[in-house]
Every structure is written in C-alpha cells, then in structure tokens.
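**Student:** The sequence shown maps to residues 1067 to 1785 in my numbering.
Ideal placement from N, C-alpha and C gives every residue a C-beta, glycine not left out.
After the structure tokens below, expect a handful of questions from me.
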Amino acid sequence: MPLPIPNLDDRRFKDLVEDAKARLMTHVPELTQIAPGDPAHAFVDLFAYLTESILFRANLIPERQRRVVLNLLQIPLRNAVASRGVVCIDSGARRASLPSFIPDGAQLKAKNIQFTGIGELQPTPLVLNVSIKTKVADETLTEMGVTQQALRDQYGLKNSDKPLAFEPKSFELGNETLALTNSIDSRFYLALTVPKTLRVARDTVRENLAGELINIAIAPADDLLAEEIDSMSDRELVWELLSQDEEGNLLNLPLDVVYDSSRGGRQIGVVRLRLPDNADLFDDLAATDPMFAGLGNAPPELPANIGEGLVALWIRLSCPDEPDLSLGYLGINGLEVKGCGQKNNVVIGVGSGNPDQVVNLPDQRIDKESLVLQVEEDNAWVTWQQVDVLVGLGGEAKVYRLDANQGVVYFGDGLEGGKRPAKGKRIRIGTYLYGGGVETNLPIDSIKEISNGSQLTVRHEWPCKGGIDAESVEQAEKRIPEYLTHRNRAVTKEDFQLLCMSNPVTPVALAEVIEGFVPGATIQAARQNVPGAVSVFVLPPKYPALRQTPKATRGLLINIYEYLSQRTLVGTELYVLSPEFVPMATGVMIDVLESSREQEIKQAVQNALVQYLWPVSPGGVNSQGWGMGVTVAANELMTVVSRVDGVRAVNGFSLFINSEDSWTRLPEDGEIILQLYQLPELLGVSVGIGDGEPAFPSGIEPETDSSRLIPAPVIPEVC
C-alpha cells in the first residue's frame, strides 16, 4: 500500500475558534464573561480564519512537491488520440468511366465531427464479395453418403489423387469475422463485380481499370492499442490476380502493393494495389459447368445473388506467416479516415526576437506527427523541426517544442535551447490535424458525406475506433509511478507464462517454458542448461478434433517473440518455439452394452481419446492440455476408453508410432516416451467390436510422391 501523506495540521475553523477561546480564558480572565456579539469575538474569528488559510496552504506543500518531482522526470501527459476508421467511396452504379481521384486530406462529415481522409483514392463502380473454400469433415462426408472414390469419379481424378472436400462460404462484410481457420487452402477469394446496371459495360469498366490503383480497406479482427502495434513488425500479405491462359490454365499474377497503411492487416488502414496495364488479364474464370466451380485452384462458386457476367476480376489474398489469418473487414474503394480536422497555411504569430518565445495555436489537441511549422527567412518559408526538449541544441538549431494538448509552441533561448525566431518575421503552420478524443469513436453509417458536396456514394461499414481523451493530471499521477516500477517484465518462469497467456496480440492456449534450452539446426544439435537462455513453447487455442492438432504458425511465433523480447531482462537469450509433435495412432477392440448404440459408442471412444491427448485446454488429465514430455502409456489410454459410457469391456488396445514415414505397432503395454519439447499428435483411431488384434486406422497412410491434394466442391442434395 502507498505511504500515507502526512497532514501538517488537521484543525479547522471551528477547532481554532474553540482553541482561541480556551487560551483567552487562561491568559485574559477579564474576557471570560464576554457576551455574544462582543467585538472580541470578531478578532478571534479573524485570526482563526487566517490560521486556517495558512494551514490549508501548508498541507498542499507535499502534493505540490510531488508534482514537481513528476515534472522533473520528463514524463508528459498523454495527448488526445483521434479515432481511425475506413470508409468506401463508390463512383456509382450507372457510370462506367472513372471520376477524378480524391486527393489526400479530403474532409468528411459525421454530424458535427470532422474527419480527414488519409491518402488518395480512385473511386470505381466495383462491388466486393469475399469467399473461402470451407473444409468438409470426413464425418460430414459419411453422413452425406459421399466417399473419396465418388469424388474422384465425379471430377475425373486419378486414383492416386486425394480430393479435399469443401463447400464455398461467402462472408457478410462488416457483420462477421473473415477467418481462414476452416479454409482448405488458407486463401481468401475476392470477386470484384460490376453492378447489374453495368453488366453490358463490363468490358469498358475493365479497360478503364487497366493500370489503375485500387484501394482495399482492411481492418483487423482484434482491437490492439497503438503502442502494441508499433512494437510489432509488419505482416506480409500476398495479393494475386487470378487469370487464365489461352488453354484455360489458371495463372496467379502477383500484384504490386504500392502502399499499405494497415501494416499487413494489423491495424485499420488501406492497401493500394496496382492493376496490370493489360485489361485482357481480367477474367471472370466462370466454369463451363457450375459443378466444377472451385475445383483445384479455381475460385469457389459465388452466391446466387451475383448473376452471370458481373465479375470483372478475381483477386486472391493469403498470408504465408499466418495461414489461419483472421480479419474484421475488407472493402473496395477504401479510404482511411482519422477523427480530426485539418488546417493549412495559418499564420500564428510574429517573431519577437526575445528568448523563450511562446506562441498559441488556434486549436488544442494537436496531432504532433502532422504539425508542420515554418518561419519566414529571406522571403521564404523554412520548416523548423519539432523536438521533445529544448536543451543542448546550440543557438542556431531551428527547433521548437509543442504542447499538443494545450496547442502551445515553445521556442528556444538562442543560446543552448535552439534559435529564436527573428524579430518581425512571421510564423505560420503549413498544416496540422487537430481534435480527437472519445467522441470520434463512431458506429457504422455515421460518416455519410464528403465536405465538398461530391455526388460520390459514401459507405461507412466499419466503426471508427481508438479515440482517447487527453490524459488528466490525476490519471498521469496513477500511471507514472507504475511506469517507474518497471512492471510487465519477464524475469521468472511464471512471468513468461503469464505474459504469453495474457498477451493482447495473438491468442495463446499453451505456454511452456524450458530454462536453459537452446535449439539447433537439428534436434541432436539442441543444447540444454545454457545460462541465460529461455525457450518458450507456444500453441494457439483450438477445439479438440481428430487430425486437427493446433500448431504454431510462423506469424504466431514472431508476434510472441516481439512481445516478450521487449519485456525481458538485458542479457536474456530468448527463443519462442513450437513443440515437436510425435505422430501416433491407436486401435482398440471393445464390447458394448447396447448393440443399438454401437456407432454412437464408437464415436464417443474416439472423442474421448482425442480429448485426453489434446495438447491444450480443455484436453489432458486436468483439462489443462497434455503436458510436454509426458509419456503416453497404452494402459492409461485403456482406462480412458473403459470409462466411456456404454463400453462393457476393453478387449485389446494398440499404440502405433510413426518413424521415418513408416508405422510401427508397439507391444500391448507399450509406451511412447517423449522428450521435454515433444507432444503427441493423434492422427487416427480405429474402434472395433469383439476380440482380436486392433486394426490400424485407415486414411493416415503417408501419401505417395505421385499423390495430389485437389480441392473438390461437394454439392449437397437439395429437395
């Protein structure tokens, strides 16, 4: 608890009056019988009032000194932050030609709040549809009566080919998370279509788009603070134009990313893509038979509300570092907006020639990064540089200091704190953004028009977020002591685990720490008990399912490493790794209590084994996940099976382990001994009824070199 601040004297006016009267009775006995209203009482009250005033000011001295100390620390109040958002501005549904572009700094209105556009935009009539190929589980295929061989026969595939069954899913932009978690190929398919009114002019639209820049608005699925995003590296997104050659072979043409303010979808922003100059590369990739839509690498079938002949072009989006990428929003014709107004070319004062000149700006809550201040020199405007402290800069440095919250500019003393503006020379602002605060956090459909009265259509489909009011003195006094205590540091093993599990960047379900472990190029080259080394093994959350073991992506490892590395002590050798998975399978023979529930019980046995060996919560013995390095014993798994409702007896149990692409059956009471950095990966479960040796699970044999994995659409029967 904090140390109590001493109160020098807690007496108030009434206490002082009573004290003075008591002293009068002792030292001046003649005044003890003074009647009410006597002038002597006025003197007592006067001196009591003056004494109370002095005590009040004396009691403020510790608080004043505390603020003086905090000021000496040079930790300023946090400035107001403007919200960020994206809007989409379309050219209209009846116009095939492209209007003039919208310049940087365009002003938009949301009632009485001003928003400023960041970057340029070429409006187009295009409409965006985003879809993925959603995997269909083997159990679902069985329920539908569809087999792998049936898919091969349906699409004319070779017997060595393995169809990856999928169903197309189209997202409702702005109303649901765009996730690749259940995608079979980890790709978004973006269909850019023309309105129905421009169906006959589609080729004209394509010709007008050739060589142009298109803006894709993008928003993350999570809300991170600006400081957290700044500490992370940019994420790579791959944008490809889908086309086909004269023989109908699919072409993947990389698109040039001219500008990306979203940092790879980490924050709200806009991606500007340059389209090819050749309009013949724009193709709708329509399948001759709709049944074949999405076969192989082709884009999936579009929703029924998108008619034939409307697709202008296809773009494919993927993320190599994070195959399970999740986004909050995508939109065509996007413009990034900031919840603040903008002023340009404003004269704010004239140089006095005196040291430490102070000039007030017309507005408060200034965006520091946007401010351009210029001073007149030799009939020209010269830009001065903004600094945090006017100390040790010399007398000729053209610098100034800004109090962004109050809108005040401080100049130097002409000696060591920077140059003074010359007497009579004008001082102006080239440009700056102002405003911000929580009032700029607006829901969708709040921004509806451009300030210049343009006839373009404005769509606001993603809320503006991130606006924060300027920090008050009371808030700063709570924050600065926390800053000085250096909290949020990783020192102990528990610190690393807690920081991993509670990080705001990427969800983590497993965080195991091995002290002194240093990985090598191979497992044999790994070293242990190295002083100062810390290896953190992480896994993402995932619900238990057979052959769906959660595994860390490269993006997850990078994000956690960057988050932890800023919180580790100097000299710590930090590694963020994924556990090594040991492929295994099980076979079991059982007797059931009710033959009518045989299939249900067999499925329950499989689910019980999957959950028990699941590496993260809710799996494992204590619903905390199977621990790294814990031995897998056949006898233990037999006990798990025997506890399943409906199982009368367990007649046999086998463990299978994969080594160098070949499977080996272990003895009846065999064990799989795992290293500290290893976890089991259950790839198959076979459940049989009766006695005998358990069978090896089907469907997990290694693929031959000639095997191909081919996405194949599943067409459900419709009554």
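Give a yes or no on whether the C-beta atoms belonging to glycine 1400 and valine 1336 are separated by under 7 Å.
**Tutor:** In this structure, valine 1336 lies closer than 7 Å to glycine 1400 by Cβ.
**Student:** What does the alpha-carbon distance come out to for the pair phenylalanine 1122 and tyrosine 1115?
**Tutor:** Cα-Cα distance, rounded: 11 Å.
**Student:** For glutamine 1541 versus glutamine 1472, is the C-beta distance shorter than 7 Å?
**Tutor:** Their beta carbons are not under 7 Å apart, which means glutamine 1541 does not touch glutamine 1472 by this criterion.
**Student:** Name, in chain order, the residues that DSSP records as bridge partners for proline 1779.
**Tutor:** Looking at the DSSP assignment, proline 1779 forms a beta bridge with Phe1232.
**Student:** Quick check: the stretch 1749 to 1759 against the stretch 1691 to 1699, are there 3 or more CB pairs under 8 Å?
**Tutor:** Not touching, per the Cβ criterion.
**Student:** Going by DSSP, what residues sit across from lysine 1199 in a beta bridge?
**Tutor:** Paired residues: Pro1234.
**Student:** In its own chain, which residues sit with a C-beta less than 6 Å from the C-beta of lysine 1224, not counting the 5 before and 5 after it?
**Tutor:** So the list is empty, once near-sequence residues are dropped.
**Student:** Indicate the three-state DSSP secondary structure (helix, strand or coil) for aspartate 1081 in the structure shown.
**Tutor:** Helix.
**Student:** Exposed or buried, which one is threonine 1259 when buried takes at least 16 other CB atoms within 10 Å?
**Tutor:** With 16 or more Cβ atoms within 10 Å of its Cβ, threonine 1259 is classed as buried.
**Student:** Spell out the partners DSSP gives asparagine 1281 in its beta bridges.
**Tutor:** Looking at the DSSP assignment, asparagine 1281 forms a beta bridge with Arg1338.
**Student:** Under 8 Å, with one C-beta from each stretch per pair, do the stretch 1620 to 1632 and the stretch 1666 to 1677 reach the 3-pair mark?
**Tutor:** Output reads no: the stretch 1666 to 1677 does not touch the stretch 1620 to 1632.
**Student:** For proline 1386, collect the residues of the same chain with a Cβ closer than 7 Å to its Cβ; drop the 5 residues on either side in sequence, then sort them by chain order.
**Tutor:** The residues are Glu1302 and Val1304.
**Student:** So, for valine 1696: in the same chain, excluding its five sequence neighbours on each side, which residues have a beta-carbon less than 7 Å away from its beta-carbon?
**Tutor:** Result list for valine 1696: Leu1740, in chain order.
**Student:** Is valine 1152 near glutamate 1402, with beta carbons less than 7 Å apart?
**Tutor:** Their beta carbons are under 7 Å apart, which means valine 1152 touches glutamate 1402 by this criterion.
**Student:** The alpha helix (DSSP H) that contains threonine 1208, what's its start and end?
**Tutor:** Counting along the chain, the alpha helix (DSSP H) containing threonine 1208 begins and ends at 1204 to 1210.
**Student:** For my contact list, leucine 1279 and arginine 1338 are in at a C-beta cut-off of 8 Å; report their separation, rounded to the angstrom.
**Tutor:** Leucine 1279 to arginine 1338, Cβ: 5 Å. Contact.
**Student:** Grab the span of the alpha helix (DSSP H) containing serine 1631 for me, first residue to last.
**Tutor:** Segment 1620 to 1631, the alpha helix (DSSP H) holding serine 1631.
**Student:** When the distance is taken between beta carbons, is proline 1779 closer than 7 Å to glycine 1222?
**Tutor:** Cβ atoms of glycine 1222 and proline 1779: not closer than 7 Å.
**Student:** Using DSSP bridges, identify the partner residues of arginine 1150.
**Tutor:** For arginine 1150, which the question treats as bridged, DSSP gives the partners Lys1404 and Lys1531.
**Student:** Would proline 1597 and proline 1606 qualify as a contact pair, given that the criterion is a beta-carbon distance under 7 Å?
**Tutor:** Going by C-beta atoms, proline 1597 is not nearer than 7 Å to proline 1606.
**Student:** What are the start and end residues of each continuous beta strand (DSSP E) run of 3 or more residues lying completely inside the stretch 1687 to 1726, in chain order?
**Tutor:** The qualifying runs are 1713 to 1725.
**Student:** Can you name, in chain order, every residue of its own chain whose Cβ lies under 8 Å from the Cβ of valine 1212, other than the five neighbours on each side?
**Tutor:** The residues are Ala1231 and Val1780.
**Student:** May I ask you to report which of helix, strand or coil DSSP gives tyrosine 1221?
**Tutor:** Looking at tyrosine 1221 - three-state DSSP - the assignment turns out to be helix.
**Student:** Using a Cβ-Cβ cut-off of 8 Å (strictly less than) and excluding sequence neighbours within five positions of glycine 1712, which residues of its own chain qualify?
**Tutor:** Once the five neighbours on either side are set aside, the close Cβ partners of glycine 1712 are Val1658, Leu1659, Glu1660, Arg1663, Glu1666, Ile1667 and Ala1670.
**Student:** Take glutamine 1173 and list the residues in its own chain whose beta-carbon comes closer than 8 Å to its own, dropping the five residues that flank it on each side.
**Tutor:** Cβ within range, chain order: Gln1180, Phe1181, Thr1182, Gly1183, Gly1407, Gln1408, Ile1516, Ser1517 and Asn1518.
**Student:** If we ignore side chains and look at the alpha-carbon of each, how far apart do proline 1681 and leucine 1643 end up?
**Tutor:** Roughly 15 Å between the two C-alpha positions.
**Student:** Is it true that the stretch 1702 to 1710 meets the stretch 1554 to 1574, where meeting means three or more beta-carbon pairs spaced less than 8 Å apart?
**Tutor:** Too few Cβ pairs lie closer than 8 Å, so no.
**Student:** For my contact list, glutamate 1233 and threonine 1200 are in at a C-beta cut-off of 8 Å; report their separation, rounded to the angstrom.
**Tutor:** Confirmed, Cβ separation roughly 5 Å.
**Student:** Specify the secondary structure class of leucine 1187 as computed by DSSP and reduced to three states.
**Tutor:** The answer is strand: DSSP assigns leucine 1187 an E or B state.
**Student:** Would you list the residues sitting across from alanine 1257 in a DSSP beta bridge?
**Tutor:** Its beta-bridge partners are Asn1195 and Trp1380.
**Student:** If contact is defined by three or more beta carbon pairs under 8 Å, each pair taking one atom from either stretch, is the stretch 1364 to 1375 in contact with the stretch 1195 to 1210?
**Tutor:** Taking 8 Å as the limit for Cβ pairs, the verdict is that the stretch 1364 to 1375 does touch the stretch 1195 to 1210.
**Student:** Please return the same chain residues whose Cβ sits closer than 8 Å to the Cβ of aspartate 1170, not counting the five positions on each side in sequence.
**Tutor:** Counting only Cβ-Cβ distances below 8 Å, and skipping sequence neighbours, we find Gly1183, Ile1184, Gly1185 and Glu1186.
**Student:** Apart from the five residues just before and just after asparagine 1717, which ones in its own chain have a Cβ nearer than 6 Å to its Cβ?
**Tutor:** These residues qualify, in order along the chain: Met1655 and Asp1757.
**Student:** Give the secondary structure of methionine 1567 by DSSP, where H, G and I count as helix, E and B as strand, and everything else as coil.
**Tutor:** Three-state result, methionine 1567: helix.
**Student:** What does the alpha-carbon distance come out to for the pair alanine 1618 and phenylalanine 1647?
**Tutor:** Approximately 11 Å, taken between the alpha carbons.
**Student:** Taking the continuous alpha helix (DSSP H) assigned at tyrosine 1678, which residues delimit it?
**Tutor:** Looking at the DSSP string, the run of the alpha helix (DSSP H) that includes tyrosine 1678 is 1664 to 1678.
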